[in-house]
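Under full-length UniProt numbering, the first residue of the sequence shown carries the number 1, and numbering increases by one thereafter.
Idealized CB from N, CA, C, for every residue including glycine.
Fair warning: this is a prediction, and the values are worked out from it, not measured in the lab.
Worksheet: the structure to be examined is printed underneath.
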Amino acid sequence: MPTALPLLIFAGSTRQQSLNRRLARASATIARDAGASVTLLELSDFDIPLYHADLPSTPADVIRLKEVLWQHPAWIICSPEYNGSYTALLKNTIDWASCPVPAHADWQDGIKPLRGKVVGLLSASPGAMGGRRSQSHLASLLINLECWLAPKAFALGQANSAFDAQGALVQQTDRDRVRAVVNQVLWAAGRLHADRIGAAP
Ligand SMILES: Cc1cc2nc3c(=O)[nH]c(=O)nc-3n(C[C@H](O)[C@H](O)[C@H](O)COP(=O)(O)O)c2cc1C
Numbered sequence: 001m002p003t004a005l006p007l008l009i010f011a012g013s014t015r016q017q018s019l020n021r022r023l024a025r026a027s028a029t030i031a032r033d034a035g036a037s038v039t040l041l042e043l044s045d046f047d048i049p050l051y052h053a054d055l056p057s058t059p060a061d062v063i064r065l066k067e068v069l070w071q072h073p074a075w076i077i078c079s080p081e082y083n084g085s086y087t088a089l090l091k092n093t094i095d096w097a098s099c100p101v102p103a104h105a106d107w108q109d110g111i112k113p114l115r116g117k118v119v120g121l122l123s124a125s126p127g128a129m130g131g132r133r134s135q136s137h138l139a140s141l142l143i144n145l146e147c148w149l150a151p152k153a154f155a156l157g158q159a160n161s162a163f164d165a166q167g168a169l170v171q172q173t174d175r176d177r178v179r180a181v182v183n184q185v186l187w188a189a190g191r192l193h194a195d196r197i198g199a200a201p
């Protein structure tokens, strides 16, 4: 596994007790234990409004978000499921990230922060299906933005009882499934982004 490729992990929820934020943190631990260089991103750290095309300028935190996304060739997204799809927060975040910034030296090409990323999809839900349906909607959005989707994915069902008090996944099978997605993302990113191995994030 190419250990030096920067891996970005984030959840499509900012809820305090979010299951997907928990899954993101558990995944970061698993990836770091496997030797990966991980950035755990909290979307709540970005002050990004609901997208509106009439806003006079691109918010500064959208530029900051674009930079972070661009710096990481490999991503894991932990997607909550709302009404069979992914959250408005994820859609808003990705819509902003894919918007061109006219006359900006780096971001006139809207999908530059997304193109070519290798993305692994995880989801967590209190329900039996673990938010699996959110992943297929998110996959088509990401493919439209020229991301590469890892064939492996994992949906954590009954997620309310899946974590211990320290936030680790209780079941070995769940840890193994997360690790399999992380390993596949890093494997593919290592081949698609061989020039980035060893580079600073
Ligand atoms: C508007 C809404 C719709 C939901 N729809 C679904 C759904 O379709 N499938 C599902 O498994 N859970 C659904 N849920 C429950 C979420 O999976 C649950 O609230 C989960 O904890 C949200 O993710 P988070 O904990 O990371 O914030 C829904 C919750 C809300 C608020």
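Worksheet item: With 8 Å set as the bound, which would you pick, yes or no: does the beta-carbon of K66 sit closer than that to a beta-carbon of chain D?
Response: As a matter of chain content, chain D is missing from the structure shown, which is built from one protein chain.
Worksheet item: Under the DSSP definition of a beta bridge, which residues are partnered with C78?
Response: In the sequence shown, residue 78 corresponds to position 78, counting from 1. Paired residues: A11 and L122.
Worksheet item: In whole angstroms, what separates the C-alpha of A103 from that of D109?
Response: Locating residue 103 in the sequence shown gives position 103, counting from the first residue. Locating residue 109 in the sequence shown gives position 109, counting from the first residue. Using only the alpha carbons, I get a separation of about 10 Å.
Item to complete: Look at the Cβ atom of A159, then the Cβ atom of Q171, and state whether they are nearer than 8 Å.
Response: In the sequence shown, residue 159 corresponds to position 159, counting from 1. In the sequence shown, residue 171 corresponds to position 171, counting from 1. No; because the gap between Cβ atoms is not below 8 Å, this pair is not in contact.
Worksheet entry | Opening and closing residue of the alpha helix (DSSP H) in which L19 lies | Position 19 of the sequence shown, counting from 1, holds the residue named residue 19. Note, L19: alpha helix (DSSP H), L19 to D33.
Item to complete: State yes or no: is the C-beta of C78 within less than 8 Å of the C-beta of K117?
Response: What you label residue 78 is simply residue 78 of the sequence shown in a count that begins at 1. What you label residue 117 is simply residue 117 of the sequence shown in a count that begins at 1. No, the Cβ-Cβ distance between C78 and K117 is not below 8 Å.
Discussion item. Could you tell me the alpha carbon to alpha carbon distance between L41 and L8, rounded to whole angstroms?
Written reply: If you number the sequence shown from 1, residue 41 lands on position 41. If you number the sequence shown from 1, residue 8 lands on position 8. Rounded to the nearest angstrom, the two C-alpha atoms are 7 Å apart.
Worksheet item: Helix or strand or just coil, what does DSSP make of T173?
Response: Locating residue 173 in the sequence shown gives position 173, counting from the first residue. Three-state result, T173: helix.
Worksheet item: What whole-angstrom Cβ distance do V178 and F154 have, given they're in contact under 8 Å?
Response: Numbered from its first residue, the sequence shown carries residue 178 at position 178. Numbered from its first residue, the sequence shown carries residue 154 at position 154. Rounded, the Cβ-Cβ distance is 6 Å, consistent with contact.
Item to complete: Tell me whether I143 is buried or exposed, calling it buried when 16 or more other Cβ atoms sit within 10 Å of its Cβ.
Response: To locate residue 143, count along the sequence shown from 1; it is residue 143. With fewer than 16 other Cβ atoms within 10 Å, it is exposed.
Worksheet entry | Neighbourhood of M1 by C-beta distance below 8 Å, restricted to the same chain and skipping five residues each side | By one-based count along the sequence shown, residue 1 stands at place 1. Any reading at M1 must be qualified, since the residue scores a pLDDT of 46, below 50, and its modelled position is unreliable; the value itself is stated next. Closer than 8 Å at the Cβ level, and outside the excluded window around M1, lie A34, G35, A36, N183, L186, W187 and G190.
Worksheet item: Quick one: what does DSSP say W96 is sitting in, helix, strand or coil?
Response: If you number the sequence shown from 1, residue 96 lands on position 96. Three-state result, W96: helix.
Practice prompt. Return the residue from the list V101, A124, M129 and A97 that minimises the CA-CA distance to R115.
Written response: In the sequence shown, residue 115 corresponds to position 115, counting from 1. Out of V101, A124, M129 and A97, A97 has the C-alpha closest to the C-alpha of R115.
Item to complete: Could you tell me the distance, in whole angstroms, from the CA atom of D45 to the CA atom of K66?
Response: For this step, residue 45 is matched to residue 45 along the sequence shown. For this step, residue 66 is matched to residue 66 along the sequence shown. Spanning the two alpha carbons is a distance of roughly 14 Å.
Worksheet item: How long is the line joining the alpha carbons of S134 and L121, rounded to whole angstroms?
Response: Position 134 of the sequence shown, counted from the start, is the residue given in the question as residue 134. Position 121 of the sequence shown, counted from the start, is the residue given in the question as residue 121. About 10 Å.
Fill in: Cβ pair P80, G167 closer than 8 Å
Looking up residue 80 in the sequence shown gives position 80. Looking up residue 167 in the sequence shown gives position 167. Against a cut-off of 8 Å, the Cβ pair of G167 and P80 comes out as no contact.
Discussion item. Residues in the same chain with beta-carbon distance under 7 Å from G131, minus the five sequence neighbours each way, listed in chain order, please.
Written reply: Taking the first residue of the sequence shown as 1, we reach residue 131 at position 131. S79, P80, E81, S123, A124, S125 and A155, listed in sequence order.
Worksheet item: Taking the Cβ atom as the reference point for each residue, do R175 and L5 lie within a distance shorter than 8 Å?
Response: On the sequence shown, position 175 is the one that residue 175 refers to. On the sequence shown, position 5 is the one that residue 5 refers to. No, these two residues do not count as a Cβ contact at 8 Å.
Item to complete: Pick out the complete alpha helix (DSSP H) segments inside the stretch 41–87, 4 residues or longer, and give them in chain order.
Response: 60–71
Worksheet item: Are I76 and S140 closer than 8 Å when you measure CB to CB?
Response: In the sequence shown, residue 76 corresponds to position 76, counting from 1. In the sequence shown, residue 140 corresponds to position 140, counting from 1. No, the pair does not count as a contact, with Cβ atoms beyond the cut-off.
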